[in-house]
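Student:
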Amino acid sequence: MITLTESISVKDLKSDIKPIWCPGCGDFGVLNAMLKALTDLKLDPDYVAIASGIGCSGRFPAFVNAYGFHGVHGRVLPLATGIKLAKPELTVFAVGGDGDAFSIGAGHLPHAARRNVDITYIVMDNEIYGLTKGQPSPTSPIGMEKKASPYGTYDNPLNPIAMVLAYGATFVARGFSSQPRELAELIKLGVQHPGFSFIQAISPCVTFYDTYAHFKETTTPIPDSHDPADRLAAMRLAFETNVQYLGVFYQEEQLPHHARVSQVGEKAGSNFSLEDLLRRFER
Amino acid sequence: MPVNDMVIRIGGESGEGIVTIGEVFVRIAAFAGLEVYTFRTFPAEILGGHVTFQARISDKPVLSQGDDFDVLISLNQEGYDNHISELKPGGVVLYDSSTATPTVVTEEHILYALPVDDLARSINFMRGRNLVMIGAMVQLFGLSLDKAEQMVHRRLGRFKDVLPKNLEALDLGYRYAQDHFTLRPPVYLEPPGGDTRQGLVMTGNQALALGAIAAGCRVYAGYPITPATDIMEFLAKELPKVGGVVVQAEDEISAINIAIGASFTGARAMTATSGPGLSLMIEALGLASMTETPLVVIDVQRAGPATGMPTKTAQGDLYLAFYAGNDEPPRFVIAPSSVEDCFYQMINAFNLAERYQMPVIVLSDQALAPRVETCPPFQLDQIALLDRELVEPSGNGAHQRYRFTETGVSPMPLPGMKGLHYTAEGLEHNEKGNPDYTPQTHQDMTEKRWRKVNTARDQLALWPNVVEEWGDEDAAIAIMGWGSSLGPVQEAMTRAQSAGYKVAALFPKVLFPMPDLRIRRFIRGRRVIIIPELNHLGQFARVVQHRYSPELIRHNVEVISLTKYQGLPFRPVEIFDKIVEVAQSLTVRVSME
């Protein structure tokens, strides 16, 4: 992490581009949490890169005065992997929604986790496709009636926390856009965690699926008795779907991707010249 | 069949070391100072199925695998039966008499029987069967045992335990041939004496990988796919030694996006794939184009469509490379024409990518990728690398990442530079990089992105290694083409010229943008332009026909598309016959005018 001696203010870190989100959108809370986390950590924004996918949440990088990459749908994790790989001194974020992360992008999730790429992945989960105006997502509940599912959905919703725990992610947490202070703390922990940090941020969509009241009721902090080093216990918490636990489900330290890549470099050695290499191909 | 121009075909069961026999033998020939060129077929499965290895060996640079073969090496019955009918009269057969019995024997072939199994058994080394065969081949065709032994040391020396046995097997085969094959074959080799000539021996894929390293590539992300996998495997070994990194991604879409992310930070990044993989990568290609991110993508073309024929060649991805991507994302397309050219075109590829901040597709193919060719040493001191234009750090944050310029290229910042942050945007954007859908902005930005291509077209006219033109300048018959069909074309032309025909040829290496000035000049004065390519639609012919229709019409030039789509490269005779046919029809036409 490259930090400043003097933190910049949230006002300076926030770009002057007005977010395109509807008033009341959960993503505002996530943005505020991110800005707080970045300024609390005194991160140098010149060394911050935020990659995003497609969706309302995909517009995120433009609202922060840091480097960003607004990529194509579902491919934010490979993008962020490439950014971190090529310049590990950057603090790299990946952001997206539940469609980007769990539908089109779902195939990349296990691999970001198993590589333990040192990025913080914040998924703004509103259980709906907002930008395309209200289709069900892989986390929508059964029976949701929308234009794309006029007779109600009938596919089981995915359980993102359980999935990511099963993929072996080394930091798994859930936050809520209505609790931006707590979410900011989770983001800080994620940034400081040396490896893949997954944060599911419940972030309701006021326009197409307003679940604020529902989540206010069902969210509760992870009990103090939970041991975040116990993956199976974390799974158990994840599978309790009557409540939505907030906090750190699981955390362990493992060598992040770029450190393992460096080890490969050490094994390979640096005794190399193009001329020597070409000599191997001489007649 | 002249001395020192021999085509050898080896047929046998996959997994039995046919390729090893072929590759060791050609390397002995190359070591002895001869030029080599190989061609293989593979079954798509790992074990089982028939495999053919063909090699052409000559004292002059070899341009194609030839029309036919002079020597058949049969390692099993199938290796005899499948090929014997194609062997030319007077051809030579060296067969493993322990596994093959000549069924169809013609008086026109000369047969040599080698009891491989018995010989190997006699020294208690069944694993040495391939070397027994190599030893016999070395003796029969005039190469030296000493050079063969040195090559065994070089290529198999790392298997220290069996090295003595390997050498014994080699010698055994050599001595058997010496004692029993009293009839000298009509085709043989006479390597140049003295010091072997300078030069390199490598495959097309190795040349691409070496070119990437020479061009400064330091990040490679890829996914295994026939016939591009060995590019990744080569770089996986070598790139870490220069501080580079190779990631085997979970799929092609991830691979190209990883490369884009890496390039965003300033690293020279690439991926390599084949047609099915490129098809998956198209969306990301558009992203690189729209965000103006440098990127190199190699497509080692194979027969399709869909899964197609993974181990057969084609030149069918031209349209894909030129145009694929929603709503016209600009890119560059390069097609190397030989193993040596693969190296130099990678330099061009990275230079174009970095200088113009765009994706570059390099089109190789399944015949060029694994084939072993001898080539001159690479002129490393002549390589000039172009860097991307970077912004001067100013710190006041007023920088416009996508600023309009005359060339279309906007100087770019790299993450880490102070006060120059921006978001690379896949949405249409204004000069600052903010999403912007206003009509004028989209028009201006579209023109900016495409202006880079036109700027490059003008600049490319000054670059080396972007067009190859040769032959009789004033010829009425001309040939245009791209990629690895250059060799067969060159050989066909030499044959035609020896027969008294005049032919001119032009092969662009950078296909997109097309070298308009060169081609328009080339078209004048021609009557016919033959365009051979390994696809069904005649993609390049149609592009030429369309793009240069004013010149073609004005100068009354006919374009003849010569297509072949069997999964095999051109044989020179196919092109030669077309030249002759065209020449004769022209004579008829002239005499009628």
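So the protein sequences, as listed, match chains A and B.
Numbering follows my numbering, with no gaps: position 32 of the first sequence is 32.
Throughout, my numbering is defined as the position within the second sequence, counted from one, plus 1000.
In this text, a Cβ means the ideal position worked out from N, Cα and C, and glycines have one as well.
Rank Ala-1288/B, Pro-1305/B and Ala-1303/B by C-alpha distance to the C-alpha of Asn-1326/B and give the top, closest one.
Tutor: Among Ala-1288/B, Pro-1305/B and Ala-1303/B, the Cα nearest to that of Asn-1326/B belongs to Ala-1288/B.
Student: Among the residues of its own chain, which have a CB less than 6 angstroms from the CB of Ile-1256/B, if the five just before and after it don't count?
Tutor: Closer than 6 angstroms at the Cβ level, and outside the excluded window around Ile-1256/B, lie Thr-1271, Met-1281 and Ala-1284.
Student: Near Met-235/A, what residues of its chain come up, given a Cβ to Cβ distance below 8 angstroms and the 5 sequence neighbours on each side ignored?
Tutor: So the qualifying residues of the chain are Ala-162, Leu-165 and Ala-166.
Student: Using the Cβ count rule (16 or more neighbours within 10 Å means buried), how would you classify Arg-181/A?
Tutor: Under this definition Arg-181/A is an exposed residue.
Student: Taking only beta carbons into account, state which residues of the segment 1250-1275 of chain B come closer than 9 angstroms to chain A, listed in chain order.
Tutor: Those would be Glu-1250, Asp-1251, Ile-1253, Ser-1254, Ala-1255, Ile-1256, Asn-1257, Ile-1258, Ala-1259, Ile-1260, Gly-1261, Ala-1262, Ser-1263, Phe-1264, Thr-1265, Gly-1266, Ala-1267 and Ala-1269, in chain order.
Student: Glu-1283/B touches chain A at which residues, Cβ-Cβ below 7 angstroms?
Tutor: Going along chain A in sequence order, the residues near Glu-1283/B (Cβ under 7 angstroms) are Val-72.
Student: How about Trp-1482/B and Asn-1348/B: do their beta carbons lie closer than 8 angstroms?
Tutor: In this structure, Asn-1348/B does not lie closer than 8 angstroms to Trp-1482/B by Cβ.
Student: Is DSSP giving Asp-1161/B helix, strand or coil here?
Tutor: Asp-1161/B: helix per DSSP, three-state reduction.
Student: Can you list, in chain order, the residues of its chain whose CB lies under 6 angstroms from that of Gly-1277/B, leaving out five sequence neighbours each side?
Tutor: Closer than 6 angstroms at the Cβ level, and outside the excluded window around Gly-1277/B, lie Ile-1225 and Glu-1252.
Student: So, for Val-1187/B: in the same chain, excluding its five sequence neighbours on each side, which residues have a beta-carbon less than 7 angstroms away from its beta-carbon?
Tutor: Here the set comprises Met-1001, Met-1006, Asp-1070, Val-1071 and Val-1092.
Student: Using 8 angstroms as the limit for Cβ to Cβ distance, is Asn-1348/B near chain A?
Tutor: With 8 angstroms as the cut-off, Asn-1348/B does not count as an interface residue toward chain A.
Student: Do you know how far the Cα of Leu-1385/B is from the Cα of Lys-1452/B?
Tutor: About 19 angstroms.
Student: If contact is defined by three or more beta carbon pairs under 8 angstroms, each pair taking one atom from either stretch, is the segment 47-54 of chain A in contact with the segment 92-104 of chain A?
Tutor: Yes, they touch.
Student: Measure the CB-CB distance between His-193/A and Gln-251/A and report whether it falls below 8 angstroms.
Tutor: For His-193/A and Gln-251/A, yes; Cβs fall inside 8 angstroms.
Student: What's the gap between the Cα of Gln-1497/B and the Cα of Gly-1433/B?
Tutor: Straight-line Cα distance between these residues: approximately 57 angstroms.
Student: What's the call for His-1429/B, buried or exposed, on a 16-neighbour Cβ count within 10 Å?
Tutor: Result: buried.
Student: Take the Cβ of Ser-225/A as the centre, count every other Cβ of all protein chains shown within 10 Å, and call the residue buried at 16 or more, exposed below.
Tutor: Ser-225/A should be labelled exposed.
Student: With a cut-off of 8 angstroms, does the C-beta of Tyr-121/A fall near any C-beta of chain B?
Tutor: With 8 angstroms as the cut-off, Tyr-121/A does not count as an interface residue toward chain B.
Student: Tell me which residue opens and which closes the beta strand (DSSP E) that Ala-1259/B is part of.
Tutor: Counting along the chain, Ala-1259/B falls outside any beta strand (DSSP E), though it belongs to the alpha helix (DSSP H) covering 1252-1264.
Student: Establish whether the CB of Asn-65/A and some CB of chain B are separated by less than 8 angstroms.
Tutor: Chain B, which has a Cβ nearer than 8 angstroms to the Cβ of Asn-65/A, makes this yes.
Student: If the cut is a Cβ gap below 7 angstroms, which residues of chain A does His-1421/B touch?
Tutor: Chain A residues near His-1421/B: Pro-45, Asp-46, Asn-65, Ala-66 and Tyr-67.
Student: Span of the beta strand (DSSP E) holding Ile-1231/B?
Tutor: Ile-1231/B -> not in any beta strand (DSSP E); alpha helix (DSSP H) instead, spanning 1229-1238.
Student: Can you list, in chain order, the residues of the segment 1290-1314 of chain B whose Cβ is nearer than 9 angstroms to any Cβ on chain A?
Tutor: Cβ contacts with chain A come from Thr-1291 and Thr-1293.
Student: Excluding the five sequence neighbours on either side, which residues of its own chain have a C-beta within less than 6 angstroms of the C-beta of Ala-1215/B, listed in chain order?
Tutor: Result list for Ala-1215/B: Met-1346, Ile-1347 and Phe-1350, in chain order.
Student: Give a yes or no on whether the C-beta atoms belonging to Tyr-1356/B and Ala-1456/B are separated by under 8 angstroms.
Tutor: The answer is yes: Cβ separation under 8 angstroms.
Student: Any residues in the segment 10-34 of chain A with a beta carbon nearer than 7 angstroms to a beta carbon of chain B? Which ones, in chain order?
Tutor: Hits within the stretch, in order: Ile-17.
Student: Leaving aside the five residues before and after Ile-222/A along the sequence, list all residues of the same chain whose C-beta is less than 6 angstroms from its C-beta, in chain order.
Tutor: So the list reads Tyr-245 and Gly-247, once near-sequence residues are dropped.
Student: Please decide whether Arg-174/A counts as near chain B, where near means a Cβ-Cβ distance under 8 angstroms.
Tutor: Output row for Arg-174/A: interface = no.
Student: Beta strand (DSSP E) containing Glu-1469/B: first to last residue?
Tutor: It spans 1467-1471 - the beta strand (DSSP E) in which Glu-1469/B sits, taken as one unbroken run.
Student: Closest by CA to Met-1417/B, which one among Asp-12/A, Trp-21/A and Ala-49/A?
Tutor: It is Ala-49/A whose Cα lies nearest to the Cα of Met-1417/B.
Student: To which residues of the same chain is Phe-28/A closer than 8 angstroms at the C-beta, ignoring the five residues directly before and after it?
Tutor: Result list for Phe-28/A: Pro-19, Trp-21 and Ser-177, in chain order.
Student: Whose C-beta lies closer than 8 angstroms to the C-beta of Met-1202/B among residues of the same chain, with five residues either side of it excluded?
Tutor: These residues qualify, in order along the chain: Leu-1210, Val-1339, Val-1372, Glu-1373 and Cys-1375.
Student: So what's Gln-948/B in DSSP terms, helix, strand or just coil?
Tutor: A query on residue 948/B cannot be resolved here, the shown segment of chain B reaching from 1001 to 1593 and no further.
Student: With a threshold of 8 angstroms between beta-carbons, can Lys-42/A be considered close to chain B, or not?
Tutor: Closer than 8 angstroms: no.
Student: By the DSSP assignment, the beta strand (DSSP E) with Asp-1365/B in it spans what residues?
Tutor: Here the beta strand (DSSP E) through Asp-1365/B covers 1359-1365.
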